[in-house]
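Protein chains in written order, with my numbering: chain A, 1 to 321; chain B, 1 to 321.
In what follows, a single structure is set out as structure tokens and then discussed.
Protein chains: 2
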Amino acid sequence: MKHLLEEVQKIFEAEQFLAQPEELYRPIDYTLRLGGKRIRPLLLLAANQMFGGKTDDVRHAALAIETFHNFTLLHDDLMDRSPLRRGKPTVYSLWGDNSAILSGDTMFALAWRYLLRRDHPRLRDILNTFNETAIEVCEGQQYDMNFEQRDDVTVPEYLEMIRLKTAVLLAGALKMGALYAQAPDGDIQRLYDFGIHLGLSFQLQDDLLDAYGDTATFGKATGQDIRDNKKTYIYLHALQVASPEQQERLRQLFNNESADTEAKVREVLDIYGRLNIREAVEKAIADEFDMARKCLDEVRAEEAAKAPLRELLETLFDRKK
Amino acid sequence: MKHLLEEVQKIFEAEQFLAQPEELYRPIDYTLRLGGKRIRPLLLLAANQMFGGKTDDVRHAALAIETFHNFTLLHDDLMDRSPLRRGKPTVYSLWGDNSAILSGDTMFALAWRYLLRRDHPRLRDILNTFNETAIEVCEGQQYDMNFEQRDDVTVPEYLEMIRLKTAVLLAGALKMGALYAQAPDGDIQRLYDFGIHLGLSFQLQDDLLDAYGDTATFGKATGQDIRDNKKTYIYLHALQVASPEQQERLRQLFNNESADTEAKVREVLDIYGRLNIREAVEKAIADEFDMARKCLDEVRAEEAAKAPLRELLETLFDRKK
Numbered sequence: 001m002k003h004l005l006e007e008v009q010k011i012f013e014a015e016q017f018l019a020q021p022e023e024l025y026r027p028i029d030y031t032l033r034l035g036g037k038r039i040r041p042l043l044l045l046a047a048n049q050m051f052g053g054k055t056d057d058v059r060h061a062a063l064a065i066e067t068f069h070n071f072t073l074l075h076d077d078l079m080d081r082s083p084l085r086r087g088k089p090t091v092y093s094l095w096g097d098n099s100a101i102l103s104g105d106t107m108f109a110l111a112w113r114y115l116l117r118r119d120h121p122r123l124r125d126i127l128n129t130f131n132e133t134a135i136e137v138c139e140g141q142q143y144d145m146n147f148e149q150r151d152d153v154t155v156p157e158y159l160e161m162i163r164l165k166t167a168v169l170l171a172g173a174l175k176m177g178a179l180y181a182q183a184p185d186g187d188i189q190r191l192y193d194f195g196i197h198l199g200l201s202f203q204l205q206d207d208l209l210d211a212y213g214d215t216a217t218f219g220k221a222t223g224q225d226i227r228d229n230k231k232t233y234i235y236l237h238a239l240q241v242a243s244p245e246q247q248e249r250l251r252q253l254f255n256n257e258s259a260d261t262e263a264k265v266r267e268v269l270d271i272y273g274r275l276n277i278r279e280a281v282e283k284a285i286a287d288e289f290d291m292a293r294k295c296l297d298e299v300r301a302e303e304a305a306k307a308p309l310r311e312l313l314e315t316l317f318d319r320k321k
Numbered sequence: 001m002k003h004l005l006e007e008v009q010k011i012f013e014a015e016q017f018l019a020q021p022e023e024l025y026r027p028i029d030y031t032l033r034l035g036g037k038r039i040r041p042l043l044l045l046a047a048n049q050m051f052g053g054k055t056d057d058v059r060h061a062a063l064a065i066e067t068f069h070n071f072t073l074l075h076d077d078l079m080d081r082s083p084l085r086r087g088k089p090t091v092y093s094l095w096g097d098n099s100a101i102l103s104g105d106t107m108f109a110l111a112w113r114y115l116l117r118r119d120h121p122r123l124r125d126i127l128n129t130f131n132e133t134a135i136e137v138c139e140g141q142q143y144d145m146n147f148e149q150r151d152d153v154t155v156p157e158y159l160e161m162i163r164l165k166t167a168v169l170l171a172g173a174l175k176m177g178a179l180y181a182q183a184p185d186g187d188i189q190r191l192y193d194f195g196i197h198l199g200l201s202f203q204l205q206d207d208l209l210d211a212y213g214d215t216a217t218f219g220k221a222t223g224q225d226i227r228d229n230k231k232t233y234i235y236l237h238a239l240q241v242a243s244p245e246q247q248e249r250l251r252q253l254f255n256n257e258s259a260d261t262e263a264k265v266r267e268v269l270d271i272y273g274r275l276n277i278r279e280a281v282e283k284a285i286a287d288e289f290d291m292a293r294k295c296l297d298e299v300r301a302e303e304a305a306k307a308p309l310r311e312l313l314e315t316l317f318d319r320k321k
């Protein structure tokens with residue numbers, strides 16, 4: 001996996017993102033140079049090489065998937081008014097709302113430019129995979145925003161939302177990598193399912209880290225979801241196991257603007273603590289990782305070829321940020 | 001042309017734009033049902049049929065180009081804070097900023113879904129044409145925003161901005177239509193150039209109508225560009241021919257927020273009147289139309305096949321809204 005990650009880094013280091021007008025491309029360059037985990041291009045390369053692909057054949061697709069992902073971050077951060085991303089100021093907070101909108105739009109188109117750079121016998125399938133994924137990501141973000149206005153979101157609805165918002169893009173990256181390598185359809189589907197479970201566990205981890213992670217390593221302020229009244233998996237799960245009084249109190253806390261937000265964060269974490277929510281969510285995450293492992297087991301490829309994805313899975317399972 | 005316009009209307013009437021989540025697709029349906037002139041799909045169909053294409057082969061592309069265009073309108077109206085579009089409230093003013101952002105993003109992806117619906121021997125060329133045009137449109141919008149902050153925009157810079165922001169999409173629609181019909185490369189280029197001149201004249205007309213059009217027929221408030229301190233072609237041309245005193249006064253008026261914006265509009269129009277700006281801009285528009293006509297003359301197709309584009313050209317030349 002380390003080898004693949006270096007390949008991904010090299011791909012991004014070698015790429016020129018600046019162009020004219022500078023006001024449009026500067027925020028794009030800033031965003032794509034911020035780093036981040038580069039998981040999506042990594043997944044694309046890993047799936048591709050599992051079936052004999054070469055980095056040179058898919059570097060454009062690796063750039064595309066990460067550029068698309070960062071486009072969604074620009075717009076999501078603006079819509080959610082998130083001041084920080086990867087520990088650095090977000091684009092809208094540095095250059096204003098309009099920059100985030102327009103540079104984001106341009107990144108979506110730049111992702112397409114990368115994808116169209118090379119022809120391929122299965123190009124239309126690849127492009128369809130990419131685009132249907134993009135539509136699902138938008139739908140997921142809309143459900144996420146809808147849920148902020150609703151008081152009756154269920155755990156299955158929440159899981160479907162994060163499937164769309166987060167998991168399908170990981171799954172789509174794997175599918176695209178496998179399509180480029182012209183893998184058999186069954187294995188493409190197994191890798192896709194692997195990506196869905198990986199994505200779900202990844203997002204549930206994100207919810208957990210928001211509440212229990214360390215600000216310095218996580219790169220975001222801890223407890224932000226609580227401050228934002230976000231009905232995450234933790235909150236929804238807590239509601240399910242809470243006493244009527246605790247339910248009532250949690251709903252109150254998540255439906256009002258608190259004058260003292262830090263006191264609110266402390267009180268919510270205290271209720272979570274008494275309900276052993278952290279342990280329960282860790283169990284749910286481990287279950288999703290198990291399902292991901294099973295999907296990967298079933299892919300018909302050499303064990304050595306699966307090693308990078310196995311390693312990635314275990315690294316993500318242990319992540320602290 | 002009337003026949004083609006009816007075809008375009010039918011294509012949009014037959015299409016279903018609503019889906020789940022409703023909060024995402026309602027603004028899309030609203031926008032795509034507002035009507036408008038549908039010039040881009042009309043151009044695409046006209047270019048296609050000039051070389052023997054059939055409506056059924058390109059209806060998906062007609063939907064794509066109009067959906068893309070409307071995506072840019074959603075985001076532009078938000079960035080420019082325009083309350084009205086086609087005489088109706090804009091999406092951000094009805095559903096909020098985040099709806100305009102996210103439904104807009106989704107429309108860009110829906111445009112791609114339409115384009116990918118059918119295979120074609122020249123699909124990659126078609127997709128590249130579409131996407132490079134999209135990037136240019138974003139660049140044009142950025143230049144437009146930059147110009148609001150600048151005091152020294154020249155007429156050639158302004159023309160390049162409107163080429164990117166408006167003309168390339170008309171030209172791109174024509175090129176795509178011709179590519180679908182597998183027209184000869186030379187004719188594709190001539191139609192593209194026809195579209196550039198048509199687009200430039202169209203945008204210069206828009207600038208003129210903003211100052212001199214009738215609010216009821218134009219669907220936007222007259223003088224809005226003056227209120228917004230937009231350095232349009234009219235303003236830049238006026239600066240070129242104004243006396244030093246008039247230049248000074250125009251710059252003052254366009255660099256400050258006026259307490260009495262209606263008095264400002266009147267004073268600017270009064271200066272324009274004394275400089276005969278309206279007539280000069282009308283001349284510039286007529287020159288662009290002439291160049292468009294010449295490009296169309298040079299396309300190697302039957303005169304009967306060119307009739308719809310000729311008619312469109314003359315209709316646009318006479319437009320009042």
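Don't be surprised by glycine CBs; every beta carbon is placed ideally from N, CA and C.
Because the structure is a prediction, the values reported are computed rather than measured.
Just checking: is the beta-carbon of residue i within a distance shorter than 9 Å of some beta-carbon in chain B?
| i | result |
| --- | --- |
| TRP112/A | yes |
| GLY199/A | no |
| GLN224/A | no |
| PRO21/A | yes |
| ARG122/A | no |
| MET176/A | no |
| ASN128/A | yes |
| HIS69/A | no |
| THR106/A | yes |
| SER162/A | Note on residue identity: the sequence assigns Ile, not Ser, to residue 162/A. Taking Cβ atoms only, chain B never reaches closer than 9 Å to ILE162/A, which makes this a no. |
| ILE135/A | yes |
| ASP151/A | no |
| ALA109/A | yes |
Name the DSSP bridge partner or partners of residue i?
| i | result |
| --- | --- |
| PRO89/A | LEU84/A |
Using a Cβ-Cβ cutoff of less than 7 Å, which residues in the same chain neighbour residue i once the five nearest sequence positions on both sides are dropped?
| i | result |
| --- | --- |
| LEU63/B | ILE11, GLU15, TYR114 |
| GLU224/B | Looking at the sequence shown, residue 224/B is not Glu but Gln. Within the same chain, GLN224/B has close Cβ partners ASP210. |
| THR261/A | ARG227 |
| GLU7/A | LEU45, THR55 |
| ALA19/A | TYR25 |
| VAL58/B | LEU44, LEU45, ASN48, GLY177, TYR180 |
Tell me whether the beta-carbon of residue i lies closer than 9 Å to the beta-carbon of residue j.
| i | j | result |
| --- | --- | --- |
| ALA61/B | ILE126/B | yes |
| ILE327/A | LEU110/A | It is not possible to answer for residue 327/A, since the shown part of chain A is limited to 1 through 321. |
| PRO184/A | ARG33/A | no |
| ILE188/B | ALA167/B | no |
| ARG81/B | GLY35/B | no |
| LYS306/B | MET1/B | no |
| GLN203/B | LYS165/B | yes |
| ASN70/B | THR31/B | yes |
| PHE285/A | PHE317/A | Per the sequence shown, the amino acid found at residue 285/A is Ile instead of Phe. Going by C-beta atoms, ILE285/A is nearer than 9 Å to PHE317/A. |
| ARG251/A | GLU267/A | no |
| ARG367/B | LEU269/B | In the structure as shown, chain B starts at 1 and stops at 321, and residue 367/B therefore has no counterpart that could be examined. |
| LEU200/B | GLU288/B | yes |
| GLU66/A | ARG40/A | yes |
| LYS230/B | GLU148/B | yes |
| GLN246/A | ALA238/A | yes |
| VAL155/B | LEU208/B | no |
For residue i and chain A, any beta-carbon pair shorter than 9 Å?
| i | result |
| --- | --- |
| GLU132/B | yes |
| THR154/B | no |
| ASN146/B | yes |
| GLU139/B | yes |
| ASP297/B | no |
| LEU78/B | yes |
| LEU73/B | no |
Using a Cβ-Cβ cut-off of 6 Å (strictly less than) and excluding sequence neighbours within five positions of residue i, which residues of its own chain qualify?
| i | result |
| --- | --- |
| ALA100/A | LEU74, LEU78, VAL91, TYR92 |
| CYS295/B | ARG190, ASP193, PHE194 |
| ARG163/B | none |
Looking only at its chain, what residues have a beta carbon closer than 8 Å to the beta carbon of residue i, apart from the 5 residues adjacent to it on each side?
| i | result |
| --- | --- |
| ALA242/B | LEU250, ILE271, LEU275 |
| LEU4/A | LEU42, LEU45, ALA46, GLN49, PRO308 |
| ASP105/A | PHE71 |
| LEU159/A | LEU200, TYR233 |
I want to know whether the segment 140-155 of chain A touches the segment 10-30 of chain B - three or more CB-CB distances under 8 Å.
yes
Count Cβ pairs between the segment 128-135 of chain A and the segment 118-125 of chain B that sit closer than 8 Å; are there 3 or more?
no
I'd like to know if the segment 228-246 of chain B and the segment 269-284 of chain B are in contact, where contact means that at least 3 CB-CB pairs between them fall below 8 Å.
yes
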